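Visitor:
What follows is the structure, encoded as structure tokens:
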């Protein structure tokens, strides 16, 4: 089940760079909230592909579930309770606010 596959590493680094750029520099109504969330799940997928030997549909399902769990954490207000919502870096990584549209993204 666990293995180390370096082939997705360039994609992980590239997507991570784009995510960092979006989080640090983009302030709009579409790219940051929706494309950023979509890329985050793709980043999770590529990262899991590096360390788990699972079929693509299973990896996609796990990646979606990770994104859904992050949204559930936001929905429950945990970032606000823990003070993450006010920390610039952690708020970008975990997110601070819940939106139903994020699950669709």
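Numbering (my numbering), first residue to last: 7 to 111.
Ideal Cβ positions, reconstructed from N, Cα and C, are used throughout, including at glycine.
Since we're looking at a predicted model, the values are computed, not measured.
Starting from residue 58, follow its DSSP beta bridges and name the residues at the other end.
Guide: Position 52 of the chain shown, counted from the start, is the residue given in the question as residue 58. According to DSSP, which records beta bridges pairwise, residue 58 is partnered with 8.
Visitor: Here's the rule: buried if 16 or more other CB atoms are within 10 angstroms of the residue's CB, otherwise exposed. What is residue 2?
Guide: Residue 2 is absent from the model: the chain starts at 7 and stops at 111.
Visitor: Measuring CB atoms only, is the region 75-85 touching the region 20-29, in the sense that at least three cross pairs come out at less than 8 Å?
Guide: No, they do not touch.
Visitor: Can you say whether residue 62 is buried or exposed, counting buried as having 16 or more other CB atoms within 10 angstroms of its CB?
Guide: Counting from 1 along the chain shown, the entry for residue 62 is found at position 56. Classification for residue 62: exposed.
Visitor: For residue 84 and residue 107, I'd like the C-alpha separation in whole angstroms.
Guide: Position 78 of the chain shown holds residue 84. Position 101 of the chain shown holds residue 107. Each residue's Cα considered, the two are about 19 Å apart.
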